[in-house]
Amino acid sequence: MDESMRHDIALFRYGLIAPLVNGQVEPKTYLKEVSERVHHVPHQGDKRIAAKTILDWCTRYKKGGFDALKPKRRSDRGHSRRLSPDDEDHILALRKEHPTMPVTVFYEHLIEQGEIPENHTSYFTIYRLLKKHNLVGKEGVSQDFVGTFLVR
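In the working numbering, the protein residues as written are 1 to 152.
This is the structure:
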């Protein structure tokens, strides 16, 4: 999420809490009214917003100002939540042993060999890991594996 998106969302949140923060409305009535409506949240679509969430935004605004209303950046951004660093290293080492194997076949190979549990790690998790380390691509794909897709 870029800074512009974070700013748009904070602006939306401020728009909802401004009447409360400025004392323009009776809180109980306003919260009931606002929480019953569906709101179009920038970059997120239509949502209902709970009264507790609105009160949380008010608290954050009072403590930290406008910037406190911006969504936080993910602390795990760029890191897999499914694979530990040791798992990643192991998978990368295995990939280097089979550099010409298509990623789909490599993923199936990992499952068949018991390197990853079948429903634990998705194909896309493995794909992103390999892509991040430039271990994905059509160059050098062996013809031995092309028939694999036709046999099944």
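Glycine residues also receive a C-beta, built at the ideal position from the N, C-alpha and C atoms.
Coil, strand or helix - residue i by DSSP
i: HIS7; result: helix
i: VAL21; result: helix
i: ASP2; result: coil
i: PRO27; result: helix
i: VAL151; result: Residue placement at VAL151 is flagged as unreliable, the pLDDT there being 49, under the threshold of 50; the coordinate-derived value follows with that caveat. Helix, per DSSP.
i: GLU33; result: helix
i: ARG128; result: helix
i: ASP13; result: Reading off the sequence, residue 13 comes out as Arg, not Asp. Reduced to three states, the DSSP call for ARG13 is helix.
i: GLN143; result: Only weak support exists for where GLN143 lies, its pLDDT of 46 falling under 50; the value from the coordinates is given anyway. Here GLN143 sits in helix by DSSP.
Residue environment, residue i, which counts as buried when at least 16 other CB atoms sit within 10 Å
i: THR176; result: Summary: the structure shown does not reach residue 176, with the chain confined to residues 1 through 152, and so no result is reported for it.
i: ARG37; result: exposed
i: PHE66; result: exposed
i: ASP2; result: exposed
Segment limits, alpha helix (DSSP H) that includes residue i
i: ASP87; result: 85-97
i: ARG60; result: 51-64
Residue i: first and last residue of the uninterrupted beta strand (DSSP E) it sits in
i: TYR46; result: Per the sequence shown, residue 46 should be read as Asp rather than Tyr. Per DSSP, ASP46 belongs to the beta strand (DSSP E) from 45-48.
i: HIS109; result: Unbroken run through HIS109 is the alpha helix (DSSP H), 103-112; no beta strand (DSSP E).
i: VAL136; result: Counting along the chain, VAL136 falls outside any beta strand (DSSP E), and DSSP gives it neither H nor E.
i: HIS39; result: 38-41
Supposed close pair residue i, residue j - CB separation, criterion 8 angstroms
i: ALA10; j: LEU31; result: So it is not a contact: roughly 20 angstroms between Cβ atoms.
i: VAL103; j: TYR127; result: 5 angstroms
i: HIS39; j: LYS28; result: The pair is not a contact, with the Cβ atoms about 19 angstroms apart (cut-off 8 angstroms).
C-beta contact flag for residue i and residue j at 7 angstroms
i: PRO71; j: ARG6; result: yes
i: ARG82; j: THR125; result: yes
i: LEU55; j: TYR61; result: no
i: LEU130; j: VAL136; result: yes
i: PRO42; j: ASP8; result: yes
i: CYS58; j: VAL34; result: no
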